[in-house]
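To convert, note that position 168 of the sequence shown is 170 in this note's numbering; the numbers rise steadily by one, no gaps. Yeah, the Cβ is synthetic: ideal placement off N, Cα and C, and Gly gets one too. None of these values were measured; they are calculated from a predicted model. These notes concern the structure reproduced below.
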Amino acid sequence: MRQPSPGQRQIPVVVLAGFLGSGKTTLLNHLLHRSGGSRIGAIVNDFGAIEIDAMAVAGALGDSTVSLGNGCLCCAVDASELDSYLERLARPDTGIDVIVIEASGLAEPQELVRMLLASEHPGIVYGGLVEVVDAAEFDDTRAKHPELDRHLALADLVVVNKLDRADDRDRVLGLVHGLVDRVGVVVPAVYGRIDPEFLFDCKPSEERIGQLSFDDLHHGHDAEGHSGHLHTAYDSLSFVSEVPLDPRRLMQFLDGRSEGLYRIKGYVDFGAYDVRNRYAVHAVGRFLRFYPEPWASDPRLTQLVLIGSGIDAPALGKELEACKSDAPHTADEHGMWGVLRYVQNPEDDLRDPEL
Numbered sequence: 003m004r005q006p007s008p009g010q011r012q013i014p015v016v017v018l019a020g021f022l023g024s025g026k027t028t029l030l031n032h033l034l035h036r037s038g039g040s041r042i043g044a045i046v047n048d049f050g051a052i053e054i055d056a057m058a059v060a061g062a063l064g065d066s067t068v069s070l071g072n073g074c075l076c077c078a079v080d081a082s083e084l085d086s087y088l089e090r091l092a093r094p095d096t097g098i099d100v101i102v103i104e105a106s107g108l109a110e111p112q113e114l115v116r117m118l119l120a121s122e123h124p125g126i127v128y129g130g131l132v133e134v135v136d137a138a139e140f141d142d143t144r145a146k147h148p149e150l151d152r153h154l155a156l157a158d159l160v161v162v163n164k165l166d167r168a169d170d171r172d173r174v175l176g177l178v179h180g181l182v183d184r185v186g187v188v189v190p191a192v193y194g195r196i197d198p199e200f201l202f203d204c205k206p207s208e209e210r211i212g213q214l215s216f217d218d219l220h221h222g223h224d225a226e227g228h229s230g231h232l233h234t235a236y237d238s239l240s241f242v243s244e245v246p247l248d249p250r251r252l253m254q255f256l257d258g259r260s261e262g263l264y265r266i267k268g269y270v271d272f273g274a275y276d277v278r279n280r281y282a283v284h285a286v287g288r289f290l291r292f293y294p295e296p297w298a299s300d301p302r303l304t305q306l307v308l309i310g311s312g313i314d315a316p317a318l319g320k321e322l323e324a325c326k327s328d329a330p331h332t333a334d335e336h337g338m339w340g341v342l343r344y345v346q347n348p349e350d351d352l353r354d355p356e357l
């Protein structure tokens, strides 16, 4: 991805993948109706010539959808062509807050992730890979398509859908947990009903002070209420420091981040290590990038939000407190090397063996 210009807003792009019939379109429609005022754009990739999935979401998205039919996106276009589709959705006048690429049921998610990381569009940022699993058909699908195990290992978020139809849902959940990388998050669901904030920040319905600016999802109740929903609650931590952070200590924290810690976002002040810039940090699952940008004004603060499933928020807070720098005003010239490894470089993204 091309380096964004200072102050340029970047739109997260989420890849939504899963085998045929797993419930991707149902999940996307759920997100559209529970977006909390956020505007979602979508690239919908049907495998057949008749774009059924695109028609299913077009009513909710209107002109905010790009439909690609009759072929898998990972094979039908290259990174530059994908950029042209993203450009249509990422223009400032569209007002879009997040873009979801709904892949066909036969797409190769690894290739889609590579295409996004190779993007030259400065207005987007990779937002993670979401894999949807049909719990009722999990064993059969896995037997017929063993590559599913690899897809799950790559995913940042796995939605185990249709649990109401699975006879042994606890066993299926256990199997999925065993296949997902330690930084991935597993969320059980029925009818694709997951908390949208696993994927993007909903716009708040009103200004809030001292809290994460998340929309209250309980404003809009389903007809049957929320008691029957199987999706699990997430945990979150908000960290603010007036004291700069030591880059080596922070990288130790990030490189060893705990299981289930799905998202990290915010800004870091490294003090004397770089007096001119603050560093925007963006982590989704195993994906981590820093974006240096000039300080606009005081006060100079580190402000981070951490979101995950089953995380120990107080312990994470203590670990971040230990990252505060008590160094003198001069800084070790090599101290930033660990951070600079993760400053955006498209060639490094393409060489990343983890993807």
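Boundaries of the beta strand (DSSP E) in which F202 is found, first to last residue: Within the sequence shown, the letter at position 200 stands for residue 202. No beta strand (DSSP E) holds F202; DSSP gives it neither H nor E.
In whole angstroms, what separates the C-alpha of N163 from that of G319? The count along the sequence shown starts at 1 and reaches residue 163 at position 161. The count along the sequence shown starts at 1 and reaches residue 319 at position 317. So the alpha carbons of these two residues sit roughly 32 Å apart.
Going by alpha carbons, who is nearest to I126 out of V135, H284 and Y269? Counting from 1 along the sequence shown, the entry for residue 126 is found at position 124. Nearest of V135, H284 and Y269 to I126, Cα basis: H284.
Selection from L322, R291 and V242 that minimises the alpha carbon distance to L119: Position 117 of the sequence shown, counted from the first residue, corresponds to residue 119. If we check each option's Cα against that of L119, R291 comes out closest.
Which one of H147, G43 and L322 has the shortest CA to CA distance from R259? Locating residue 259 in the sequence shown gives position 257, where the first residue counts as 1. Closest option to R259, Cα to Cα, is L322.
By the three-class DSSP mapping on this structure, what secondary structure does S121 have? Against the sequence shown, residue 121 aligns to sequence position 119. Reduced to three states, the DSSP call for S121 is coil.
According to DSSP, simplified to helix, strand and coil, what is G37? On the sequence shown, residue 37 is found 35 positions in, with the first residue counted as 1. It should be pointed out that residue 37 corresponds to Ser in this sequence rather than to Gly. If DSSP states are grouped into helix, strand and coil, S37 belongs with coil.
How would you call D151, buried or exposed, if buried means at least 16 neighbouring beta carbons within 10 angstroms? As a first step, residue 151 is located in the sequence shown; it is residue number 149 there, counting from the start. Its Cβ having fewer than 16 others within 10 Å, D151 is exposed.
Less than 6 Å between C-beta atoms, sequence neighbours within five positions excluded: which residues of the same chain meet that for L18? Your numbering for residue 18 matches position 16 in the sequence shown. If we look at L18 and ignore the five residues flanking it on each side, its Cβ neighbours are K26, V102, E104 and V132.
Buried/exposed call for E199, threshold 16 Cβ in 10 Å: Along the sequence shown, one-based indexing puts residue 199 at 197. Answer is buried; the Cβ neighbour count reaches 16.
Which listed residue (R288, V286 and P294) has its alpha carbon closest to that of N279: For the purposes of this step, residue 279 is taken as the residue at position 277 of the sequence shown. Nearest C-alpha to N279: P294.
Option in Q305, G268 and F21 with minimal Cα separation from V135: Position 133 of the sequence shown, counted from the start, is the residue given in the question as residue 135. Comparing Cα-Cα distances from V135 to each of Q305, G268 and F21, the minimum goes to F21.
Which residue comes first and which comes last in the alpha helix (DSSP H) that contains H153? The residue given as residue 153 occupies position 151 in the sequence shown. Here the alpha helix (DSSP H) through H153 covers E149 to L156.
S106, buried or exposed, once every other Cβ within 10 Å from all chains shown has been counted against 16: Residue 106 sits at position 104 when you count from the first residue of the sequence shown. S106 should be labelled buried.
Run through the stretch 263-323 for me and flag every whole alpha helix (DSSP H) of 4 or more residues, listed as ranges in chain order. 315-323
Three-state secondary structure (DSSP) at N72? On the sequence shown, position 70 is the one that residue 72 refers to. Only weak support is given to the placement of N72: the predicted model assigns it a pLDDT of 40, under 50, and the value that follows is read from those uncertain coordinates. Of the three classes helix, strand and coil, the one that applies to N72 here is coil, per DSSP.
Cross-strand partners of P190 (DSSP beta bridge): By 1-based counting over the sequence shown, the position of residue 190 is 188. For P190, which the question treats as bridged, DSSP gives the partners V162.
Beta carbon of V341, beta carbon of Y269: below 8 Å? Taking the first residue of the sequence shown as 1, we reach residue 341 at position 339. Taking the first residue of the sequence shown as 1, we reach residue 269 at position 267. Taking 8 Å as the Cβ cut-off, V341 and Y269 do not qualify as a contacting pair.
If you follow the beta strand (DSSP E) that A105 is in, where does it begin and where does it stop? Mapped onto the sequence shown, residue 105 falls at position 103. Careful: A105 lies outside any beta strand (DSSP E) and carries neither H nor E.
Skipping 5 residues on each side, what residues in its chain have a beta carbon closer than 6 Å to that of R11? As a working mapping, residue 11 is identified with position 9 in the sequence shown. Excluding residues within five positions, none has a Cβ falling inside 6 Å.
Where G340 sits in the DSSP three-state scheme: Position 338 of the sequence shown, counted from the first residue, corresponds to residue 340. Helix at G340.
Measuring only the C-alpha atoms, how far is R365 from G312? With the chain covering only 3 through 357, there is no way to say anything about residue 365.
With a CB to CB cut of under 7 Å and the five nearest residues on each side skipped, what residues in its chain are close to T28? Indexing the sequence shown from 1 puts residue 28 at position 26. If we look at T28 and ignore the five residues flanking it on each side, its Cβ neighbours are Y193 and G194.
Count the other CB atoms, across all protein chains shown, that sit within 10 Å of the CB of S86; report buried if there are 16 or more and exposed otherwise. Taking the first residue of the sequence shown as 1, we reach residue 86 at position 84. So S86 ends up on the exposed side.
Should the stretch 179-186 be called in touch with the stretch 142-160, which here means at least 3 C-beta pairs below 8 Å? yes
Could you check which residue in D300, L256 and G337 has the C-alpha nearest to that of L306? Within the sequence shown, the letter at position 304 stands for residue 306. Out of D300, L256 and G337, L256 has the C-alpha closest to the C-alpha of L306.
Where S260 falls: helix, strand or coil (DSSP): Walking along the sequence shown from the start, residue 260 turns up at place 258. Of the three classes helix, strand and coil, the one that applies to S260 here is coil, per DSSP.
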